[in-house]
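Residue numbers (my numbering): 1259 to 1533.
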Amino acid sequence: MPSGVKRLKEESKAILKKILVHDEDLGGSFVSVTGSPGSSKTSVMLTMMRYLTKYQPKDKIFMSETYRAPLQCFNECNGEGLPIKLWVQEGSGVIFRDRNKRLKKITLPHETFKDFKDLYYRAPRGVVNVVFFGDRERWRDFMGYLTGVGEWVDVFVEEFQEICPLLSSLSKKLKPFIDTAKDFRKCRMNVVFNTQSIVEIAWPLVRKIQINIYLPGAQPLKWSRIQQKAIDNLEKSPSKGNESYIEHLGNFGKTRWEKIWKPNKEKSYEAFAER
1259 MPSGVKRLKE ESKAILKKIL VHDEDLGGSF VSVTGSPGSS KTSVMLTMMR
1309 YLTKYQPKDK IFMSETYRAP LQCFNECNGE GLPIKLWVQE GSGVIFRDRN
1359 KRLKKITLPH ETFKDFKDLY YRAPRGVVNV VFFGDRERWR DFMGYLTGVG
1409 EWVDVFVEEF QEICPLLSSL SKKLKPFIDT AKDFRKCRMN VVFNTQSIVE
1459 IAWPLVRKIQ INIYLPGAQP LKWSRIQQKA IDNLEKSPSK GNESYIEHLG
1509 NFGKTRWEKI WKPNKEKSYE AFAER
């Protein structure tokens, strides 16, 4: 193996270790996963969640899904899914529908909760707690709450631009969360999110991101050492998995995400907020 390739692989492992292996001195991480549709953004997050459920069983893990789209938490890798538990806030108006039955309303096993404290203390450890507030913007406040729990917590957010969009009209509402984001590391909290383009997210928040994972089709940040041409040359393979660059504080590596997650065709469910 050429020395340059070896260095990139070793650096990527070192950066991923910052996310997946807890270090009290280094603290948590704020991580973005970007790429074009079908570039494996969700697969990257599902792979991380599976690792944490197996090797960090004391963690409380939370996932934010989108509405009116197939729920990704039911995806499978080699026939195996994630250990999950669904939570719906009381009075949120959240219901579930089955795409295989023309979006007929169905009942999925879930727990209801009253508030952040009730949710946090009842959420089991070592499983992925998939939470529905009805209003996705409530996740900003929930992550703020989690910075004060005093133990390792992992949060994974689908389509982060829905929670922190680039809209000047929301600038005042976003400021408390922007202030919260700078405390993720000190509060032993990992927040990993995906989005197609980082430019869709409030810019002051982008500057708080510590680790960037660039999949095929991504656009690097203007201060990144990784060039667009390098990202454009990343390999996409349905059988071997997609390549990515991963960058932290100017250091970067290259890795391939070999875990290929696919939809469970028998569990094609969606969540709707109909309050």
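Just so you know, even glycine gets a beta-carbon here, dropped at the ideal spot from N, CA and C. Given the structure is predicted, the values throughout are model-derived calculations rather than measurements.
Check: Pairing CB atoms from the region 1466-1482 with CB atoms from the region 1310-1322, are three or more of them under 8 Å?; Outcome: no
Check: Residue 1300 lies in the alpha helix (DSSP H); which residues open and close that run?; Outcome: 1299-1313
Check: By Cβ distance below 6 Å, which residues in the same chain neighbour residue 1503 in space, the five residues on each side in sequence not counted?; Outcome: 1472, 1484, 1510 and 1512
Check: Does any CB atom of chain D fall closer than 7 Å to the CB of residue 1402?; Outcome: Among the chains of the structure shown, chain D does not appear; only one protein chain is present.
Check: Is it a yes or a no for the region 1331-1344 touching the region 1379-1387, going by three-plus beta-carbon pairs under 8 Å?; Outcome: yes
Check: Quick check on the DSSP output: the beta strand (DSSP E) that includes residue 1377 runs from which residue to which?; Outcome: That residue, residue 1377, is in no beta strand (DSSP E); its alpha helix (DSSP H) goes 1374-1380.
Check: Determine which residues share a DSSP beta bridge with residue 1447 and list them.; Outcome: 1411
Check: Is it buried or exposed for residue 1305, if we count other Cβ within 10 angstroms and need 16 for buried?; Outcome: buried
Check: Give the DSSP-derived three-state secondary structure of residue 1430 in the structure shown.; Outcome: helix
Check: Looking at the structure shown, is residue 1482 part of a helix, part of a strand, or coil, going by DSSP?; Outcome: coil
Check: Mapping the DSSP letters down to three states, classify residue 1339 as helix, strand or coil.; Outcome: strand
Check: For the alpha helix (DSSP H) containing residue 1533, list its first residue and its last residue.; Outcome: Residue 1533 -> no alpha helix (DSSP H), and no H or E assigned at all.
Check: Is it a yes or a no for the region 1276-1293 touching the region 1434-1448, going by three-plus beta-carbon pairs under 8 Å?; Outcome: yes
Check: Run the CB neighbour count on residue 1290, radius 10 Å, all protein chains shown included, and call it buried at 16 or more, exposed below.; Outcome: buried
Check: On the DSSP letters alone, give me the boundaries of the beta strand (DSSP E) that residue 1503 sits inside.; Outcome: 1500-1506
Check: Starting from residue 1325, trace the beta strand (DSSP E) in both directions and tell me its first and last residue.; Outcome: It is not in any beta strand (DSSP E) - residue 1325 carries neither H nor E in the DSSP assignment.
Check: For residue 1373, which option in 1362, 1358, 1389 and 1360 has the closest C-alpha, if you only look at C-alpha atoms?; Outcome: 1389
Check: Measure from the alpha carbon of residue 1396 to the alpha carbon of each residue in 1495, 1307 and 1321, then state which is nearest.; Outcome: 1321
Check: Just to confirm, is the Cβ distance from residue 1529 to residue 1354 under 7 Å?; Outcome: yes
Check: When you compare the CB positions of residue 1351 and residue 1514, do they come within less than 7 Å of one another, or not?; Outcome: no
Check: Which residue's Cα is closest to the Cα of residue 1307: 1464, 1411 and 1430?; Outcome: 1411
Check: Assuming contact is defined by CB atoms lying nearer than 7 Å, are residue 1398 and residue 1371 in contact in what I supplied?; Outcome: no
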